[in-house]
Amino acid sequence: MMLDASTTDARDEEARGILAQNDRGGYTIPTAGLYPYQWNWDSAFAAMGFAAVDIYRAWTELETLFTGQWANGMVPHILFHAADDGYFPGPDVWQGVGPIASSGISQPPVAATMARLILARNTEAGLPRLGRLYDRMVEWHRWFMDWRLDRGAVCITHPWEAGRDNAPDWDSAMAAITPDGVGAYTRRDTAHVDSAMRPTKYDYDRYLWLVQRGARLGWDEAAMLQGAPFRVADPTMTFILLRATRDLAAMGAMLGRDTSTLDGWIDTLERGAQTLWNPELGAYDSRDVVNAAWAGALSNASFLCWYAHVDKPEMAGRLEEVLRTVRYGVPSLAPSDARFDAKRYWRGPVWGMMNMLIGMGLTERGYGLGEDLRALTAEMIAEHGFAEYFDPLTGAPAGGGTFTWTAAVWLGWAAPNATGV
Ligand code: 2M8
Numbered sequence: 079m080m081l082d083a084s085t086t087d088a089r090d091e092e093a094r095g096i097l098a099q100n101d102r103g104g105y106t107i108p109t110a111g112l113y114p115y116q117w118n119w120d121s122a123f124a125a126m127g128f129a130a131v132d133i134y135r136a137w138t139e140l141e142t143l144f145t146g147q148w149a150n151g152m153v154p155h156i157l158f159h160a161a162d163d164g165y166f167p168g169p170d171v172w173q174g175v176g177p178i179a180s181s182g183i184s185q186p187p188v189a190a191t192m193a194r195l196i197l198a199r200n201t202e203a204g205l206p207r208l209g210r211l212y213d214r215m216v217e218w219h220r221w222f223m224d225w226r227l228d229r230g231a232v233c234i235t236h237p238w239e240a241g242r243d244n245a246p247d248w249d250s251a252m253a254a255i256t257p258d259g260v261g262a263y264t265r266r267d268t269a270h271v272d273s274a275m276r277p278t279k280y281d282y283d284r285y286l287w288l289v290q291r292g293a294r295l296g297w298d299e300a301a302m303l304q305g306a307p308f309r310v311a312d313p314t315m316t317f318i319l320l321r322a323t324r325d326l327a328a329m330g331a332m333l334g335r336d337t338s339t340l341d342g343w344i345d346t347l348e349r350g351a352q353t354l355w356n357p358e359l360g361a362y363d364s365r366d367v368v369n370a371a372w373a374g375a376l377s378n379a380s381f382l383c384w385y386a387h388v389d390k391p392e393m394a395g396r397l398e399e400v401l402r403t404v405r406y407g408v409p410s411l412a413p414s415d416a417r418f419d420a421k422r423y424w425r426g427p428v429w430g431m432m433n434m435l436i437g438m439g440l441t442e443r444g445y446g447l448g449e450d451l452r453a454l455t456a457e458m459i460a461e462h463g464f465a466e467y468f469d470p471l472t473g474a475p476a477g478g479g480t481f482t483w484t485a486a487v488w489l490g491w492a493a494p495n496a497t498g499v
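Here the sequence shown is numbered in my numbering, starting from 79 and rising by one per residue.
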């Protein structure tokens with residue numbers, strides 16, 4: 079379907095309005111109410127969206143994110159800049175040990191890739207800003223290489239670290255946890271969003287149990303590694319870190335830096351990505367390191383392979399199969415999987431930013447499916463608005479509304495007028 083100019087213009091305007099409305103001065107919240115703080119990968123997407131409007135504001139978004147970087151290089155997944163009791167768990171539960179109140183885990187490092195896209199829009203304006211961020215980005219990537227690898231693949235230590243919170247990828251690892259002593263708590267997310275679209279209490283008990291363990295150990299990575307109860311090698315992290323490290327190396331070369339360390343990391347991560355190939359599933363999958371089990375999940379993260387410039391001929395066929403069963407792009411889980419749930423968060427819905435990363439990769443690798451995915455995402459947003467995520471069968475909006483990364487994806491990639499990717 080071709081989008082008409084008036085619909086496109088109206089959505090452009092709306093998307094710019096959402097970024098402005100969620101801007102808290104130097105950083106952007108994902109959406110008011112449900113997520114009132116700065117989230118790591120949301121912010122990187124926001125920066126990419128801002129670049130279509132104001133290139134300087136785009137760099138500021140990334141700079142604010144890195145003000146939360148810890149001494150060990152980690153960049154937290156949430157920065158609690160200003161107290162807000164609409165979100166749980168807050169800073170008192172996390173007890174982060176960085177320069178500003180934060181969580182104690184990270185999130186998929188899309189920042190270097192988004193920085194490279196922003197830089198390409200205006201290199202002259204961007205180079206000095208990048209020059210100040212570059213070493214911090216390298217230190218963050220080094221932290222992943224030091225603390226998160228298993229056979230070269232990147233592991234998560236908490237479902238929230240992958241950003242795909244309740245994906246079936248973590249089911250075996252979550253089942254092995256007995257969340258004793260977690261205590262009473264009040265969730266805030268289900269006050270904002272229908273609980274059928276959110277993780278269950280079973281999930282939340284385990285999420286909190288893992289947070290409490292980290293806080294008790296002062297978020298000391300060496301201490302947390304001993305007897306680690308949750309460690310899953312994940313395609314989201316592995317493909318995204320591999321891609322981001324390539325982009326960081328390319329930017330390092332532009333700045334005249336020695337990138338040999340980054341080149342070594344790229345080799346390691348390329349080998350690591352191959353350890354995520356599950357021959358039984360015939361696709362990239364998550365690998366539970368503690369319990370030595372495959373997830374058996376054909377997810378949207380499986381299809382990030384092209385984004386990391388990792389080609390496997392079977393994957394295009396797998397993607398076509400999945401796309402035939404849905405309306406609007408890559409669902410977070412293949413509908414043929416018995417665990418598929420069209421509205422429940424990372425167990426079925428379509429996410430605009432995942433469509434973007436997959437689509438970028440496909441286009442870069444010469445697959446026409448990349449443009450198809452862009453057009454489908456544009457239609458989905460034009461018809462159903464700027465929701466957090468969408469039912470892949472009907473497009474019905476789900477989760478939070480007026481969502482930053484959906485607006486950013488529209489402005490930077492999906493919209494007919496977008497020129498950012
Ligand atoms: C969701 O995760 C947060 C915890 O980090 C939550 O549900 O409370 C995920 O979709 C995550 O990927 C995203 O960054 C965050 C904010 O949009 O929300």
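Ideal Cβ positions, reconstructed from N, Cα and C, are used throughout, including at glycine.
All values reported here derive from a predicted model rather than from experimental measurement.
With distances taken from CA atoms, which of Ser-273, Thr-256, Asp-267 and Asp-415 is nearest Leu-288?
-> Against the sequence shown, residue 288 aligns to sequence position 210. Among Ser-273, Thr-256, Asp-267 and Asp-415, the Cα nearest to that of Leu-288 belongs to Thr-256.
Is any heavy atom of the ligand 2M8 found at a distance shorter than 7 Å from the C-beta of Trp-119?
-> Here residue 119 refers to the residue found at position 41 when the sequence shown is read from its first residue. In terms of side-chain proximity, the C-beta atom of Trp-119 is found nearer than 7 Å to a non-hydrogen atom of the ligand 2M8.
Distance CB(Leu-397)-CB(Phe-418) smaller than 8 Å = On the sequence shown, position 319 is the one that residue 397 refers to. On the sequence shown, position 340 is the one that residue 418 refers to. It is not a contact, given that the beta carbons lie outside the stated cut-off.
Neighbourhood of Gly-582 by C-beta, 7 Å cutoff - its chain only, sequence neighbours within 5 removed | Outside the shown range of the chain, which is 79 to 499, sits residue 582, and nothing can be said about it.
Please report how far the alpha carbon of Thr-472 lies from the alpha carbon of Val-271, in whole angstroms.
-> Against the sequence shown, residue 472 aligns to sequence position 394. Against the sequence shown, residue 271 aligns to sequence position 193. Cα to Cα, Thr-472 sits roughly 19 Å from Val-271.
When you compare only the Cα positions, how much space is there between Leu-451 and Gly-437?
-> As a position in the sequence shown, residue 451 is number 373, starting the count at 1. As a position in the sequence shown, residue 437 is number 359, starting the count at 1. Cα to Cα, Leu-451 sits roughly 6 Å from Gly-437.
Does the beta-carbon distance from Arg-407 to Leu-454 come in below 8 Å?
-> Numbered from 1 along the sequence shown, position 329 holds the residue referred to as residue 407. Numbered from 1 along the sequence shown, position 376 holds the residue referred to as residue 454. The amino acid at residue 407 is misidentified as Arg; the sequence shows Gly. Taking 8 Å as the Cβ cut-off, Gly-407 and Leu-454 qualify as a contacting pair.
Among the residues of its own chain, which have a CB less than 7 Å from the CB of Arg-194, if the five just before and after it don't count?
-> Translated into the one-based positions of the sequence shown, residue 194 becomes position 116. Cβ neighbours of Arg-194 beyond the five flanking positions: Asp-325, Ala-328 and Met-329.
So Phe-468 packs on Val-404, CB below 8 Å; how close in whole Å?
-> Walking along the sequence shown from the start, residue 468 turns up at place 390. Walking along the sequence shown from the start, residue 404 turns up at place 326. At roughly 10 Å, the Cβ-Cβ gap does not stay under 8 Å, so Phe-468 and Val-404 are not in contact.
For Ser-377, which beta-bridge partners are listed by DSSP?
-> Along the sequence shown, one-based indexing puts residue 377 at 299. Residue pairing by DSSP places Ser-377 opposite Leu-411 in a beta bridge.
Extent of the continuous beta strand (DSSP E) run through Ile-183 | Mapped onto the sequence shown, residue 183 falls at position 105. Premise fails: Ile-183 is in no beta strand (DSSP E) and is neither H nor E.
Can you tell which of Arg-309, Gly-446 and Thr-264 has the C-alpha that lies nearest to the C-alpha of Asp-163?
-> Position 85 of the sequence shown, counting from 1, holds the residue named residue 163. Of the candidates Arg-309, Gly-446 and Thr-264, the one whose C-alpha sits nearest the C-alpha of Asp-163 is Thr-264.
Rounded C-alpha distance that separates Ala-496 from Leu-435 = As a working note, residue 496 is residue 418 in the sequence shown. As a working note, residue 435 is residue 357 in the sequence shown. In a straight line, the C-alpha of Ala-496 is about 15 Å away from that of Leu-435.
Backbone secondary structure at Gln-116 - three-state DSSP | Residue numbering aside, residue 116 sits at position 38 when the sequence shown is read from its first letter. Strand, per DSSP.
Determine which residues share a DSSP beta bridge with Val-310 and list them.
-> On the sequence shown, position 232 is the one that residue 310 refers to. For Val-310, which the question treats as bridged, DSSP gives the partners Ile-234 and Asp-366.
Does DSSP put Arg-222 in a helix, a strand or coil?
-> As a working mapping, residue 222 is identified with position 144 in the sequence shown. It should be pointed out that residue 222 corresponds to Phe in this sequence rather than to Arg. Residue state, collapsed to three classes: helix.
Nearest to His-159 by alpha carbon, out of Trp-117, Ile-196, Leu-286 and Asn-200?
-> As a first step, residue 159 must be located in the sequence shown, where it is residue number 81. The residue with the shortest Cα to Cα distance from His-159 is Trp-117.
I think Ala-476 touches Ala-465, with their Cβ atoms under 8 Å apart; what is that distance to the nearest whole Å?
-> The residue labelled residue 476 in the question sits at position 398 within the sequence shown. The residue labelled residue 465 in the question sits at position 387 within the sequence shown. Confirmed, Cβ separation roughly 6 Å.
With 16 other CB atoms within 10 Å as the buried threshold, where does Met-393 fall?
-> Sequence index remark: in the sequence shown, residue 393 carries index 315 (1-based). Counting the other CB atoms within 10 Å of its CB gives Met-393 a total of 16 or more, which places it among the buried residues.
Specify, as a first and last residue, the run of the alpha helix (DSSP H) that Gly-95 falls within.
-> As a working mapping, residue 95 is identified with position 17 in the sequence shown. Residues 83-100.
In angstroms, rounded to a whole number, what distance separates the CA positions of Thr-346 and Ile-318?
-> Position 268 of the sequence shown holds residue 346. Position 240 of the sequence shown holds residue 318. Roughly 14 Å separates the two Cα atoms.
Rounded straight-line distance, which links the Cα of Asp-82 to that of His-236 = Mapped onto the sequence shown, residue 236 falls at position 158. Mapped onto the sequence shown, residue 82 falls at position 4. Taking the straight line joining both Cα atoms gives about 43 Å.
Can Pro-409 be considered in contact with the ligand NAP, in the sense that its beta carbon sits closer than 7 Å to one or more heavy atoms?
-> No copy of the ligand NAP appears in this structure; the ligands present are the ligand 2M8.
Three-state secondary structure assigned by DSSP to Trp-391 = Within the sequence shown, the letter at position 313 stands for residue 391. In the sequence as displayed, the identity of residue 391 is Pro instead of Trp. In the structure shown, Pro-391 sits in a helix (DSSP, three-state: H, G or I).
Mind the definition here: the segment 348-360 touches the segment 384-393 only if three or more C-beta pairs lie below 8 Å; say whether that holds.
-> The segment 348-360, when compared against the segment 384-393, does touch it at the 8 Å Cβ threshold.
Neighbourhood of Phe-166 by C-beta distance below 8 Å, restricted to the same chain and skipping five residues each side | On the sequence shown, position 88 is the one that residue 166 refers to. If we look at Phe-166 and ignore the five residues flanking it on each side, its Cβ neighbours are Tyr-263, Thr-264, Arg-265, Arg-266 and Asp-267.
Measure the C-alpha to C-alpha separation of Pro-313 and Gly-374 and round it to an integer number of angstroms.
-> For the purposes of this step, residue 313 is taken as the residue at position 235 of the sequence shown. For the purposes of this step, residue 374 is taken as the residue at position 296 of the sequence shown. Answer to the nearest angstrom: the Cα atoms are 12 Å apart.
Between Asp-450 and the ligand 2M8, is the CB less than 7 Å from at least one heavy atom?
-> Indexing the sequence shown from 1 puts residue 450 at position 372. Not under cutoff, so the answer is no.
Three-state secondary structure assigned by DSSP to Tyr-212 | Counting from 1 along the sequence shown, the entry for residue 212 is found at position 134. Reduced to three states, the DSSP call for Tyr-212 is helix.
Indicate whether the contact test is met: 3 or more Cβ pairs, each with one atom in the segment 187-203 and one in the segment 123-130, closer than 8 Å.
-> A contact exists between the segment 187-203 and the segment 123-130.
Consider the C-beta atom of Pro-108 and the heavy atoms of the ligand 2M8; say whether any pair is separated by less than 7 Å.
-> As a working note, residue 108 is residue 30 in the sequence shown. Under cutoff, so the answer is yes.
Does the ligand 2M8 have even one heavy atom less than 7 Å from the beta-carbon of Met-146?
-> Taking the first residue of the sequence shown as position 1, residue 146 is located at position 68. Checking the sequence shown, residue 146 turns out to be Gly, not Met. No, the Cβ of Gly-146 stays beyond 7 Å of every heavy atom of the ligand 2M8.
Thinking just about the alpha-carbon of each residue, which of Ala-189, Leu-333 and Pro-470 is nearest to the one in Leu-143?
-> Position 65 of the sequence shown, counted from the first residue, corresponds to residue 143. Per the Cα distances, Ala-189.
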